[in-house]
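So the sequence shown is residues 13 to 284, counted in the working numbering. From the three backbone atoms N, C-alpha and C, an ideal C-beta is built for every residue, glycine too. Heads up, the thing below is written out as structure tokens.
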Amino acid sequence: MLQQKKANLEAILADLGPTIVAFSGGLDSGYLLHVAKRVLGDRVTALTARSASYPARELEEAKEFCTTRGVRHLVIDSHEVENPAYAENPVNRCYYCKSELFEISDKVVSDLGIGTVCYGAITDDLGDHRPGMKAAREHSVRAPLVEADLSKAEIRELAREEGVELWDKPSFACLSSRFPYGTAITPERLAQIDAAESAVRALGFRQLRARYHDKLVRLEVEPHEIVRLASPGVREAVVAACKKAGFTHVSVDLVGYRTGSMNEMLKVLRDN
13 MLQQKKANLE
23 AILADLGPTI
33 VAFSGGLDSG
43 YLLHVAKRVL
53 GDRVTALTAR
63 SASYPARELE
73 EAKEFCTTRG
83 VRHLVIDSHE
93 VENPAYAENP
103 VNRCYYCKSE
113 LFEISDKVVS
123 DLGIGTVCYG
133 AITDDLGDHR
143 PGMKAAREHS
153 VRAPLVEADL
163 SKAEIRELAR
173 EEGVELWDKP
183 SFACLSSRFP
193 YGTAITPERL
203 AQIDAAESAV
213 RALGFRQLRA
223 RYHDKLVRLE
233 VEPHEIVRLA
243 SPGVREAVVA
253 ACKKAGFTHV
263 SVDLVGYRTG
273 SMNEMLKVLR
283 DN
């Protein structure tokens with residue numbers, strides 16, 4: 013079954029012709045790019061948007077990934093944070109981000125004469141709050157991983173089998189996802205979150221989120237890592253790093269890391 017899905021993905025990509033892959037540096041778009049390079053060769057181009065909501069370390073990893081595969085890689089500046097509709101952080105914030113990304117992609121398509129743009133949406137995204145998918149539809153952006161019916165777990169398995177170095181990379185989302193809806197997003201606040209996460213990651217925590225709550229930062233790590241996060245020595249280092257980043261209070265979420273925890277309030281509002 014899984015190998016058939018892989019074959020379906022290859023067939024979908026083969027039919028596309030010259031293609032741009034919107035590449036964030038994460039597993040999903042990375043695996044898509046990996047397969048596209050194998051199928052399309054030099055007819056695939058990677059496009060990464062650089063902005064205040066995108067950590068510099070992710071950009072460097074994206075560049076290295078493309079370099080090792082000989083993929084042409086375009087890095088274009090994106091200015092979604094300067095858009096008031098985005099910076100006000102409404103529940104459809106991701107729509108404005110993806111709209112800017114795909115507007116940039118449209119221009120590149122026009123300039124290079126490339127016919128198709130793809131991005132790394134997966135089947136897991138279909139049941140979540142994903143306003144960016146509306147922007148993709150508006151710009152006729154393809155989602156080959158969805159079309160091939162591939163989930164995150166299946167993509168990890170295929171990437172592991174094929175030796176793709178991203179196969180066990182922790183899930184990542186843009187830094188703006190760390191803010192409660194309605195909390196304004198600024199470059200300074202994004203830098204705070206980036207600094208806090210970078211410091212905690214340097215202590216050996218791979219999967220984490222630093223959630224912004226004004227003067228308080230709420231840290232999410234894997235449930236089995238919570239004890240270590242609060243252990244002597246580590247706790248003091250975490251607190252010091254978060255205070256250096258500009259936070260007054262540091263808390264640990266006892267539920268632990270989960271994707272899209274800021275969307276939990278949306279369910280509460282809908283249910284009420």
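Closest to residue i by C-alpha separation, out of the options, would be which residue?
i, options, result
"Ala-147", "Leu-113, Val-33, Gly-125", "Leu-113"
"Lys-227", "Ile-32, Pro-102, Ala-208, Pro-235", "Ala-208"
"Phe-259", "Val-233, Asp-206, Arg-218, His-236", "Asp-206"
"Lys-75", "Arg-55, Glu-94, Gly-42", "Gly-42"
"Ala-19", "Gln-219, Leu-170, Arg-270, Thr-80", "Leu-170"
"Glu-72", "Lys-119, Gln-204, Phe-35", "Phe-35"
"Lys-164", "Val-176, Pro-143, Asp-136", "Asp-136"
"Leu-44", "Val-103, Trp-179, Lys-119", "Trp-179"
"Ala-133", "Gly-125, Gly-144, Pro-182", "Gly-144"
"Gly-194", "Leu-220, Tyr-98, Gly-216", "Tyr-98"
"Glu-100", "Ser-189, Ile-126, Asp-118", "Ser-189"
"Glu-94", "Ile-197, Lys-119, Gly-245, Arg-240", "Ile-197"
"Leu-25", "Gln-219, Arg-172, Val-56", "Val-56"
"Gly-245", "Thr-271, Thr-60, Val-212", "Val-212"
"Arg-50", "Ala-68, Ala-249, Gly-29", "Gly-29"
"Cys-270", "Arg-221, Ser-210, Phe-77", "For clarity, residue 270 is Arg in the given sequence; the question names Cys instead. Closest by alpha carbon: Arg-221."
"Leu-86", "Ser-210, Ile-32, Ser-111, Pro-67", "Ile-32"
What whole-angstrom Cβ distance do residue i and residue j have, given they're in contact under 8 angstroms?
i, j, result
"Ser-65", "Cys-254", "Going by Cβ atoms, the distance from Ser-65 to Cys-254 rounds to 19 angstroms, so no, they are not a contact pair."
"Leu-231", "Val-264", "5 angstroms"
"Ile-88", "Ile-116", "5 angstroms"
"His-91", "Ser-63", "7 angstroms"
Could you check if residue i belongs to the surroundings of the ligand FMN, using beta carbon to heavy atom distance under 8 angstroms?
i, result
"Pro-244", "Because no ligand of any kind appears in the structure shown, any question about the ligand FMN cannot be addressed here."
For residue i, which three-state DSSP category applies?
i, result
"Asp-180", "coil"
"Lys-110", "helix"
"Arg-270", "coil"
"Ala-34", "strand"
"Ile-88", "strand"
"Ile-134", "coil"
"Val-103", "coil"
"Cys-186", "coil"
"Val-120", "helix"
"Val-93", "helix"
"Asn-284", "Only weak support exists for where Asn-284 lies, its pLDDT of 49 falling under 50; the coordinates are left without a value."
How is the beta strand (DSSP E) around residue i delimited, first residue to last?
i, result
"Glu-232", "228-233"
Considering residue i, what are the terminal residues of the alpha helix (DSSP H) in which it resides?
i, result
"Ala-160", "Element bounds for Ala-160: n/a, residue is neither H nor E."
"Ile-24", "14-28"
"Arg-142", "Arg-142 -> no alpha helix (DSSP H), and no H or E assigned at all."
"Pro-96", "96-99"
message: My parser needs the beta strand (DSSP E) runs of 3 or more residues fully inside the stretch 47-78; what are they?
response: 56-62
task: Note down, one range per segment and in chain order, each beta strand (DSSP E) of at least 3 residues found wholly within the stretch 195-268.
output: 220-225, 228-233, 261-264
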